[in-house]
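Asks: Just passing along the structure, written as structure tokens.
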Amino acid sequence: MEAYIETPRLILRAFRLQDAQSMFDSYCGDEEAARYMPWYAHESVQQTERDLRERLLPRQASDDWLPLAIAERQRPGHVIGSIGAFLNGDVAELGYVLGRAWWNKGYMSEALAAMVEHLFIHTPVQSIAAWYEWANPASGAVMKKCGFVYEKELMDKRKADSPPQDTVPCAYCRLWRGQWAARGGQAAHGREEE
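Shown next as structure tokens:
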């Protein structure tokens with residue numbers, strides 16, 4: 009599944025193999041940016057290229073995945089983060105990451121609001137779920153700003169290849185289609201005021 013979404017400052021678009029270098033430079037090669045992700049920071053741009061070829065590009069061709077690169081409008085070829093959704097029946101499960109140089113600028117709230125809007129307008133999902141480690145409250149603030157509501161605590165594996173006992177407490181949040189519509193359909197296009 010592919011999409012092209014523009015916001016006031018960002019473009020959310022399909023990944024391309026030539027994105028590997030900017031992905032590696034912006035976030036894939038950064039241990040701090042990858043800290044709460046299910047993958048480890050990449051050790052080389054070749055690892056990022058491999059991830060694109062083996063994971064992200066094939067998912068774009070499927071009907072139940074929507075992985076999107078995040079770029080600033082003035083530099084559409086330079087990927088600064090990613091946001092993705094897995095459609096599972098009437099629920100979409102979301103995840104996102106942003107390079108450190110773009111933190112605390114409201115970019116992720118802007119990207120998340122745009123993705124939420126796209127999913128509720130262009131897919132049949134009735135709710136969108138996401139979770140964050142309690143140790144990462146900034147991610148929770150992004151979700152809250154976009155209308156997500158805490159539902160429960162869950163234990164999730166620290167990394168995708170972690171043993172089952174290596175789990176961390178996470179906050180599971182959800183946004184229902186009706187809640188989104190009641191908020192006017194859009195939650196956070198534009199810069200956060202801090």
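Taking our numbering, the leading residue of the sequence shown gets 9, the next gets one more, and so forth. Beta carbons: idealized from backbone N, C-alpha and C, even for Gly. Quick caveat, the model's predicted, so the values are computed rather than measured.
Which residues share a DSSP beta bridge with Val209?
Replies: Shown here, the chain extends from 9 to 202; a query on residue 209 therefore has no answer.
Asks: Does DSSP classify Ser52 as helix, strand or coil?
Replies: Stepping through the sequence shown from its first residue, residue 52 is reached at position 44. Note: Ser52 maps to coil in three-state DSSP.
Asks: Return the first residue and the last residue of the alpha helix (DSSP H) that Glu10 is part of.
Replies: Working through the sequence shown from its first residue, we reach residue 10 at position 2. That residue, Glu10, is in no alpha helix (DSSP H); it is neither H nor E in DSSP.
Asks: Going by CA-CA distance only, name the one from Asp164, Asn144, Gly97 that's closest to Pro132.
Replies: Locating residue 132 in the sequence shown gives position 124, where the first residue counts as 1. That would be Gly97, whose Cα lies nearest to the Cα of Pro132.
Asks: Look up Ala133 in the DSSP assignment and give the residues it is bridged to.
Replies: Here residue 133 is taken as the residue at index 125 of the sequence shown, counted from 1. The sequence shown places Val at residue 133, not Ala. None; Val133 has no bridge partner.
Asks: Would you identify the three-state DSSP class for Lys153, choosing helix, strand or coil?
Replies: Here residue 153 is taken as the residue at index 145 of the sequence shown, counted from 1. Helix.
Asks: Pick out whichever of Pro177, Tyr158, Met123 has its Cα sitting closest to the Cα of Trp142.
Replies: Counted from its first residue, the sequence shown places residue 142 at position 134. Taking only the C-alpha atoms, the option nearest Trp142 is Pro177.
Asks: CA-CA distance, Tyr44 and Phe23?
Replies: For the purposes of this step, residue 44 is identified with residue 36 of the sequence shown, where counting begins at 1. For the purposes of this step, residue 23 is identified with residue 15 of the sequence shown, where counting begins at 1. Their backbone Cα atoms lie some 22 Å apart in a straight line.
Asks: Assign Leu183 to one of three DSSP states: helix, strand, or coil.
Replies: Walking along the sequence shown from the start, residue 183 turns up at place 175. In this structure, Leu183 counts as strand in the three-state DSSP scheme.
Asks: Nearest to Val87 by alpha carbon, out of Ala109, Asp164, Ser70, Ala122?
Replies: Position 79 of the sequence shown holds residue 87. The residue with the shortest Cα to Cα distance from Val87 is Ala109.
Asks: In this structure, how does DSSP classify Arg67 when only helix, strand and coil are distinguished?
Replies: Locating residue 67 in the sequence shown gives position 59, where the first residue counts as 1. Helix.
Asks: At a cut of 8 Å, does the region 47 to 59 reach the region 148 to 165 through at least three beta carbon pairs?
Replies: Because the criterion of three Cβ pairs below 8 Å is not met, the region 47 to 59 and the region 148 to 165 do not touch.
Asks: Quick one: grab the DSSP three-state call for Asp164.
Replies: Working through the sequence shown from its first residue, we reach residue 164 at position 156. Of the three classes helix, strand and coil, the one that applies to Asp164 here is strand, per DSSP.
Asks: In the structure shown, what three-state DSSP assignment does Tyr35 receive?
Replies: Your numbering for residue 35 matches position 27 in the sequence shown. Helix, per DSSP.
Asks: Measuring CB to CB, does Arg21 end up less than 8 Å from Ala77?
Replies: Taking the first residue of the sequence shown as position 1, residue 21 is located at position 13. Taking the first residue of the sequence shown as position 1, residue 77 is located at position 69. Yes, they are a contact pair.
Asks: Using the C-alpha atoms, what's the distance from Ala41 back to Tyr35?
Replies: Translated into the one-based positions of the sequence shown, residue 35 becomes position 27. Translated into the one-based positions of the sequence shown, residue 41 becomes position 33. Rounded to the nearest angstrom, the two C-alpha atoms are 6 Å apart.
Asks: What is the rounded straight-line gap between the Cα of Ile19 and the Cα of Met116?
Replies: Position 11 of the sequence shown, counting from 1, holds the residue named residue 19. Position 108 of the sequence shown, counting from 1, holds the residue named residue 116. Their Cα atoms are separated by approximately 12 Å.
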